[in-house]
Every structure is written in C-alpha cells, then in structure tokens.
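Undergrad: Shown below is the structure under consideration.
Numbering (UniProt numbering), first residue to last: 1 to 654.
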C-alpha cells in the first residue's frame with residue numbers, strides 16, 4: 001500500500017526540511033531504501049564546506065557530485081591547488097569565503113574563476129569575511145575590464161596619473177611628504193571635502209603589501225559581465241565583513257559591489273591612509289594622504305578623485321563601523337552613487353551636523369528618490385542632533401532633480417563645503433531654527449536647476465540608535481504619520497517622552513513595528529480605563545458629600561431657636577445621587593478616545609513602564625490590564641513590555 005512518504009514530492013519536502021534542521025537525520029533517511037536514497041541524496045550534497053588543504057581525493061569526490069552543489073563554503077582554506085573543473089559548479093547559488101589572506105594568491109585565483117565565467121552565472125549570494133581579497137578576485141567579481149569603453153578610459157587615466165607621480169623628482173616628493181601638504185596644484189576640476197575633524201581613536205596600519213596593491217594591467221582581465229546565455233550577471237546579496245582593503249583597491253571594490261541588490265559593508269578596514277597623529281586621523285582632503293607601493297610614495301587623492309560610477313542595482317545598503325575612512329568619504333564613495341536606494345543602514349562612531357546637512361542636500365537634489373527606510377546609529381559624540389534629524393525628516397525633493405542628477409560630473413567632485421542654511425548655522429548646531437518649509441524654499445531658490453514639482457520626501461521605516469531625537473525631530477516626524485510602518489528609538493533616545501510614543505501609536509494607522517524607551521501605565525490602560533477610574537472616584541465623592549450634608553442638616557435643626565426658620569442652604573451644583581447605567585455608558589462612549597488605529601502592528605517593544613528603570617515591577621492587576629490591551633491587537637505576535645510581559649518567541653536583540 002502506497003503511503004504519503006512514497007510520493008516524491010513529499011520526500012522532497014521532508015528532505016528540504018531536514019537539510020536545514022537536522023543533517024544527521026537526512027543521512028539516516030538515505031539508508032532506508034534505494035528509492036529514499038535517490039530522493040535524499042541530492043540534498044546531502046546541496047551544501048559543501050571546504051577546510052584546510054583540498055586534497056586530490058576530496059576533489060574527485062566533489063567533482064562527482066558537483067551538479068548537486070548549491071552552496072560552497074571556503075572556511076579557512078589554505079590550498080586549492082587541486083580544485084579543478086570550475087565550470088562544473090555553474091549551479092552554485094551561495095558562496096562563503098572565510099579567513100582567506102593575501103598570501104593565498106592561488107586560492108584567490110581559483111575563487112576568481114568560480115565567481116567569474118565559471119560559476120558566476122547563477123550565483124546570487126556571496127559573503128567574504130575575515131579576509132584580504134586580492135584585486136584578481138575583485139575584478140572578476142565586478143565582471144572584469146576590457147569590453148566597456150568607460151572601463152578602459154577609467155583604467156587608462158588611473159595608470160597615467162600613477163606614472164606622472166612616479167616620474168616626479170624624488171626630492172620633491174620627500175619634501176611634500178615631510179610637510180604633510182602634498183601637491184597643491186593637482187588636476188583641474190578637483191575640489192576638496194569639508195574640513196571637518198574626524199573623531200576616531202583607531203590607528204590604521206600604514207604598511208601595505210605590494211601583492212595586495214598591485215594594479216593589474218588591462219590585458220590580464222577578459223571575463224565578461226554577461227553569462228553564456230547573454231543575460232547580465234547580478235548578485236542579490238553581497239557581504240563584506242571584517243575585510244581589509246588597501247586604498248589602491250577601492251575602485252576595484254566598488255566595481256565588484258555596484259551590481260548587487262543588497263550590499264553589506266561591515267567592519268571594513270581601509271589601509272594606506274597617512275596618520276596625522278597617534279590617536280586621530282585627518283580628513284581625506286587628498287594631498288595629506290599618501291600611499292606606499294614598491295617603495296614609492298605619492299598622493300592618494302588622484303586614485304579616488306574621480307567619482308565612482310553610479311549604481312542602478314543597489315537597493316539595500318548597510319555601511320557599518322568602517323575603519324580608516326571618514327564618514328564624509330563613506331557618503332561620497334558608497335552612499336551617494338546608489339541611485340535606486342530603498343533602504344540605508346548607516347552606523348558610525350559619530351555624525352557631525354555638517355555631514356548630516358550634506359545628507360539632506362542629497363535628499364533635496366533627488367539623489368535617492370526611492371529611499372524610504374533609514375537607520376542611523378552612533379556610539380560617541382557628536383551624536384545626530386535634534387535639529388539635524390528634524391532637517392532630514394522635513395527635507396523636500398524635486399522630481400526634476402532625480403532626472404537631472406542621474407549621472408556624475410567630474411568637475412563637481414568631491415563636493416563643495418556645505419552651504420549655510422542660515423546666517424549663523426555653520427558655527428553651531430544649536431543655531432538651527434526649525435522651519436518645516438525651509439528645505440523646500442531653499443531648493444526652489446537654486447537657479448541652476450529646473451523644478452517641476454517639489455514634495456516632501458516620505459519615510460516608511462525610521463530607526464535611531466543613540467541619537468539626539470527631540471521635540472524638533474518629532475514635529476517633523478508627525479508629517480509622516482500616514483506612511484510610517486516602523487519607528488524605533490533604541491538606546492539613548494535624547495528627549496523621547498511617553499507622549500511621543502503614545503502619539504505615534506495613536507496616529508500611525510500603518511504601523512507594523514514599534515520600539516520606544518517607555519510608556520506610562522495610563523497609556524496602556526487607555527481612555528476607557530481612565531473613565532472607569534474617574535467614575536468610581538466621582539461615586540465615592542458623592543457618597544462622602546451625602547454624609548457630610550446629612551450631618552450638616554442635623555446640626556442645623558439642633559441649633560434652631562424660636563422664630564422663623566431660615567431657608568436651608570442650596571447646593572451650588574445639584575446633581576443626582578446616582579447616574580443610571582445607560583447614561584453612564586453613553587457618557588463613556590462620548591468621552592472615550594480612539595484606540596490605537598494600528599491594527600496591523602506585529603512587533604512591539606517597550607523597554608519600561610516608567611522613565612526610572614529602577615522602579616518596582618508591575619503588579620498583577622496592572623499586568624492583566626496590559627495583557628488585555630495587547631490581546632486586542634490581532635496581528636501582534638512579537639512583543640515585550642518591561643521585564644515581565646513578553647511573547648513566547650521574543651528574543652532580546654538590543
């Protein structure tokens with residue numbers, strides 16, 4: 001008799017589940033019968049991890065099952081000498097490289113072939129962690145040079161500038177290095193970034209290995225950006241985590257990354273920057289930065305002065321805790337070129353106000369017309385100020401800006417210093433006066449742009465970690481209540497109050513995720529609970545008032561004397577002793593405020609029910625009130641209120 005497990009579809013579903021949860025059970029199922037072996041065997045080789053030295057015997061076995069491999073992991077691989085027949089792994093969709101250093105040139109060449117013409121046709125997910133990728137891998141990942149005219153021009157200009165600096169007199173170069181000023185002339189059309197000090201205490205190693213920084217000639221790369229079928233190769237997710245990149249390879253890194261949809265740049269270390277002191281770095285203005293290669297020293301600015309090519313593929317970008325590269329250069333080299341950006345996560349030690357004003361100007365110019373999700377995290381001062389956040393939330397963009405700024409102009413790169421938005425805004429962030437129409441008025445005064453339609457830039461997802469969010473930012477946030485789906489204040493949230501949190505819950509009908517420092521107990525009770533408490537208090541006052549009135553009447557008659565009796569005192573507000581239940585319910589319905597309109601709320605995190613975290617926990621009746629209120633949210637499945645109320649699937653992530 002045929003059972004459900006005899007159906008190939010059912011066995012395939014079971015095998016897919018066991019592959020991700022219990023690989024040992026998957027191996028046991030292969031021993032049941034020949035039919036089960038044929039069904040479960042492809043999942044046994046779906047994920048393959050290589051360690052240490054890849055031997056000849058292991059390579060023979062792997063080649064036999066290469067058609068079933070969908071995920072390859074190179075974890076601490078020391079040698080891939082026997083890793084051959086790369087074209088057999090054309091169905092690999094995920095690849096992870098961990099712990100590959102710059103000394104493993106053969107390893108990187110094999111990986112370059114795998115992500116290039118060999119196995120890159122269907123590759124959708126790539127993660128490089130704790131490694132030092134060589135240019136041969138970066139160029140292969142970016143599609144190689146040679147077939148695109150702009151690529152050939154860019155590389156020829158870069159090599160020409162390098163030869164010009166190497167041909168200069170060595171004595172003049174030494175004098176420039178000692179003075180720290182570099183070459184003042186430079187090429188025409190080259191600007192400088194704002195002279196803002198970078199608060200960093202991390203010392204970057206200035207010694208660069210010649211193997212890692214060698215610029216490979218144009219003729220060495222012939223891989224194409226298209227697959228054999230003629231369609232363009234594109235990664236869905238590319239992760240660079242704890243990777244060391246020499247400054248000379250910055251252009252290769254961007255070319256390798258600009259074709260992906262989701263790009264993660266986390267804990268990168270950019271080497272090759274000259275340090276101004278033992279505990280601080282200088283702003284990359286060009287001449288003060290030097291790069292050492294084969295014993296030659298020349299200014300770094302010409303290597304990264306040309307603007308990076310814009311990306312029309314990156315939609316989600318994460319730039320987190322970059323060492324050796326200031327936040328100003330992060331904005332110019334990695335964030336600004338992403339024209340189709342939808343989501344941005346930006347984590348850095350600090351965010352000075354001039355940088356955030358530059359970020360606002362990008363929004364006003366329509367650089368990111370589709371950007372609706374923003375997450376900003378800082379850890380040391382200066383934190384994002386209340387005025388700067390308000391300026392971001394109140395920025396208006398024009399549709400004509402987006403069409404006119406689709407390409408870069410080399411003459412305007414790097415950008416000029418921030419234009420002052422007021423008479424004294426450049427001196428201090430506290431001089432900023434909040435005006436909701438300032439950004440739109442400022443953008444319409446620019447004569448060199450043609451405006452057709454100026455509108456408020458809408459936000460759907462906002463997360464602020466350790467930011468100075470205050471009343472100015474909240475007033476700007478109120479304009480986005482109709483579109484907000486996620487609002488999170490994490491860590492030190494400045495002047496965030498329970499009134500702000502309650503107004504967000506009461507004013508955002510599309511809200512799905514919410515995180516606030518605290519809410520009062522009355523905010524959970526709602527207006528109905530407050531009315532009931534007020535009604536009980538009124539009844540008690542009426543009872544007490546009736547007793548006092550009876551005692552007063554008794555004393556009045558006891559103290560009466562002969563003669564006409566004076567009239568009894570009248571009550572100033574004559575009210576009935578008892579209100580009927582129907583009238584009381586009608587009064588509650590009239591006075592009751594609207595409940596939280598966010599019926600689609602799925603995640604709720606309230607750190608505490610009091611601004612004082614050392615306050616006593618909630619009592620049992622108070623917990624029941626909160627649980628009853630949360631039960632009215634039908635879509636709420638992930639929540640935590642204080643330290644005693646949380647869902648079964650809750651996991652503390654902050």
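The beta carbon of each residue, even a glycine, is placed where N, CA and C say it ideally should be. Note that the structure is predicted; figures quoted are calculated from it, not measured.
Which residues in the same chain as residue 479 place their Cβ atom closer than 8 angstroms to its Cβ, once the five residues preceding and following it in sequence are excluded?
TA: Taking the chain shown and counting its residues from 1, the one referred to as residue 479 is at position 479. Counting only Cβ-Cβ distances below 8 angstroms, and skipping sequence neighbours, we find 393, 394, 436 and 456.
Undergrad: Do you know how far the Cα of residue 518 is from the Cα of residue 341?
TA: On the chain shown, position 341 is the one that residue 341 refers to. On the chain shown, position 518 is the one that residue 518 refers to. One C-alpha to the other measures close to 32 angstroms.
Undergrad: Among 77, 126 and 112, which residue has its Cα nearest to the Cα of residue 86?
TA: Residue mapping note: residue 86 aligns to position 86 of the chain shown, counting from 1. Of 77, 126 and 112, the residue nearest in Cα terms is 112.
Undergrad: Could you name the residues that DSSP lists as bridge partners for residue 339?
TA: For the purposes of this step, residue 339 is taken as the residue at position 339 of the chain shown. DSSP lists no partner for residue 339.
Undergrad: Compare the C-beta of residue 318 against all C-beta atoms of chain D and say whether one is closer than 8 angstroms.
TA: Judged by its chain identifiers, the structure shown contains no chain D, having just a single protein chain.
Undergrad: Using the C-alpha atoms, what's the distance from residue 648 back to residue 368?
TA: Against the chain shown, residue 368 aligns to sequence position 368. Against the chain shown, residue 648 aligns to sequence position 648. Rounded to whole angstroms, residue 368 to residue 648 spans 39 angstroms at the Cα level.
Undergrad: If you draw a straight line from the C-alpha of residue 18 to the C-alpha of residue 605, how long is it?
TA: The residue labelled residue 18 in the question sits at position 18 within the chain shown. The residue labelled residue 605 in the question sits at position 605 within the chain shown. The alpha-carbon atoms of residue 18 and residue 605 are separated by roughly 33 angstroms.
Undergrad: Using a Cβ-Cβ cut-off of 8 angstroms (strictly less than) and excluding sequence neighbours within five positions of residue 13, which residues of its own chain qualify?
TA: In the chain shown, the residue the question calls residue 13 occupies position 13. Excluding residues within five positions, none has a Cβ falling inside 8 angstroms.
Undergrad: Looking only at DSSP bridge pairs, what is residue 49 linked to?
TA: Sequence index remark: in the chain shown, residue 49 carries index 49 (1-based). Note: residue 49 sits in a beta bridge opposite 73.
Undergrad: With DSSP as the reference, label residue 362 as helix, strand or coil.
TA: Residue 362 sits at position 362 when you count from the first residue of the chain shown. DSSP places residue 362 in helix when its eight states are reduced to three.
Undergrad: When you compare only the Cα positions, how much space is there between residue 482 and residue 507?
TA: For the purposes of this step, residue 482 is taken as the residue at position 482 of the chain shown. For the purposes of this step, residue 507 is taken as the residue at position 507 of the chain shown. In a straight line, the C-alpha of residue 482 is about 8 angstroms away from that of residue 507.
Undergrad: Report the residue from 91, 62, 73 and 72 whose alpha carbon sits nearest the alpha carbon of residue 82.
TA: As a first step, residue 82 is located in the chain shown; it is residue number 82 there, counting from the start. Cα-wise, what sits closest to residue 82 is 62.
Undergrad: Excluding the 5 residues preceding and the 5 following residue 96 in the sequence, name in chain order all residues of the same chain whose CB lies nearer than 6 angstroms to its CB.
TA: Here the question's residue 96 lines up with position 96 in the chain shown. Cβ within range, chain order: 73 and 127.
Undergrad: Consult DSSP for residue 643 and reduce its assignment to one of helix, strand or coil.
TA: Translated into positions along the chain shown, residue 643 becomes position 643. Here residue 643 sits in coil by DSSP.
Undergrad: Assuming residue 644 and residue 623 form a contact by the criterion Cβ under 8 angstroms, report the distance between their Cβ atoms to the nearest whole angstrom.
TA: Your numbering for residue 644 matches position 644 in the chain shown. Your numbering for residue 623 matches position 623 in the chain shown. Their Cβ separation, rounded to whole angstroms, is 6 angstroms, which keeps residue 644 and residue 623 in contact under 8 angstroms.
Undergrad: Taking the straight line between their C-alpha atoms, what separation do you get for residue 44 and residue 102?
TA: As a first step, residue 44 is located in the chain shown; it is residue number 44 there, counting from the start. As a first step, residue 102 is located in the chain shown; it is residue number 102 there, counting from the start. Rounded to the nearest angstrom, the two C-alpha atoms are 32 angstroms apart.
Undergrad: Just list the residues that DSSP pairs residue 464 with in beta bridges.
TA: Along the chain shown, read from residue 1 onward, the residue named residue 464 stands at position 464. Per DSSP, 376 and 489.
Undergrad: Can you tell me which residues form a DSSP beta bridge with residue 132?
TA: Residue mapping note: residue 132 aligns to position 132 of the chain shown, counting from 1. Answer is none; residue 132 lacks a bridge partner.
Undergrad: Report buried or exposed for residue 16, applying the criterion of at least 16 other Cβ atoms within 10 angstroms of its Cβ.
TA: Numbered from its first residue, the chain shown carries residue 16 at position 16. The residue in question, residue 16, is exposed, as its Cβ has fewer than 16 Cβ neighbours within 10 Å.
Undergrad: Quick one: what's got a C-beta closer than 6 angstroms to residue 419's C-beta in the same chain, skipping five residues either side?
TA: Residue numbering aside, residue 419 sits at position 419 when the chain shown is read from its first letter. Confidence in residue 419 is poor, its pLDDT being 39 and thus under 50, which makes the residue's placement unreliable; the coordinate value appears in the next sentence. Excluding sequence neighbours, residue 419 sits near nothing in its chain.
Undergrad: So, helix, strand or coil for residue 390, using DSSP?
TA: For the purposes of this step, residue 390 is identified with residue 390 of the chain shown, where counting begins at 1. Three-state DSSP puts residue 390 in a helix.
Undergrad: Report buried or exposed for residue 515, applying the criterion of at least 16 other Cβ atoms within 10 angstroms of its Cβ.
TA: Numbered from 1 along the chain shown, position 515 holds the residue referred to as residue 515. Its Cβ being crowded by 16 or more others within 10 Å, residue 515 is buried.
Undergrad: So which of 597, 630 and 521 has the shortest CA-CA distance to residue 616?
TA: Numbered from 1 along the chain shown, position 616 holds the residue referred to as residue 616. Comparing Cα-Cα distances from residue 616 to each of 597, 630 and 521, the minimum goes to 521.
Undergrad: Ignoring anything shorter than 3 residues, give me the beta strand (DSSP E) runs that lie fully in the region 594 to 633, in order along the chain.
TA: Taking only runs of at least 3 residues, the beta strand (DSSP E) segments lying wholly in the region 594 to 633 are 603 to 608.
Undergrad: Under the rule that 16 or more other beta-carbon atoms within 10 Å means buried, what is residue 523, buried or exposed?
TA: Against the chain shown, residue 523 aligns to sequence position 523. Counting Cβ neighbours within 10 Å, residue 523 comes out buried, since at least 16 surround it.
Undergrad: Could you give the residue range of the alpha helix (DSSP H) that holds residue 59?
TA: Counted from its first residue, the chain shown places residue 59 at position 59. Residue 59 -> alpha helix (DSSP H) spans 56 to 64.
Undergrad: Quick one: which unbroken beta strand (DSSP E) runs of 3-plus residues sit fully inside the region 78 to 109? Chain order, please.
TA: Here the runs fully enclosed are 94 to 98.
Undergrad: Are the CB atoms of residue 360 and residue 320 within a distance shorter than 8 angstroms?
TA: Here residue 320 refers to the residue found at position 320 of the chain shown. Here residue 360 refers to the residue found at position 360 of the chain shown. No.
Undergrad: Tell me residue 346's beta-bridge partners as DSSP assigns them.
TA: Translated into positions along the chain shown, residue 346 becomes position 346. Paired residues: 319 and 376.
Undergrad: Return the bridge partner residues of residue 10 from the DSSP annotation.
TA: Position 10 of the chain shown, counting from 1, holds the residue named residue 10. Residue 10 pairs with nothing; no bridge assigned.
Undergrad: Under a Cβ-count criterion, where at least 16 other Cβ atoms within 10 Å of its own Cβ denotes burial, should residue 249 be classed as buried or exposed?
TA: The sequence position of residue 249 within the chain shown is 249, counting from 1. Buried, since its Cβ has 16 or more Cβ neighbours within 10 Å.
Undergrad: Within 10 angstroms of the Cβ of residue 260, are there 16 or more other Cβ atoms? Answer buried if so, exposed if not.
TA: Within the chain shown, residue 260 is the residue found at index 260, counting from 1. Buried, by the Cβ-count rule.
Undergrad: Taking only the alpha-carbon atoms, compute the straight-line gap between residue 505 and residue 597 and give it to the nearest angstrom.
TA: Counting from one through the chain shown, the residue named residue 505 turns up at place 505. Counting from one through the chain shown, the residue named residue 597 turns up at place 597. Cα to Cα, the separation comes out at about 7 angstroms.
Undergrad: Let's see if you can read the secondary structure: which residues bound the beta strand (DSSP E) around residue 240?
TA: Within the chain shown, numbered from 1, the residue matching residue 240 stands at position 240. Run containing residue 240: 237 to 241, per the beta strand (DSSP E) assignment.
Undergrad: Look at the alpha carbon of residue 628 and the alpha carbon of residue 509, and state the distance between them as a whole number of angstroms.
TA: The count along the chain shown starts at 1 and reaches residue 628 at position 628. The count along the chain shown starts at 1 and reaches residue 509 at position 509. Cα to Cα, residue 628 sits roughly 20 angstroms from residue 509.
Undergrad: Could you give the C-beta distance for residue 69 and residue 89, rounded to a whole number, given that I count them as a contact under 8 angstroms?
TA: On the chain shown, residue 69 is found 69 positions in, with the first residue counted as 1. On the chain shown, residue 89 is found 89 positions in, with the first residue counted as 1. About 6 angstroms; that satisfies the 8 angstroms criterion.
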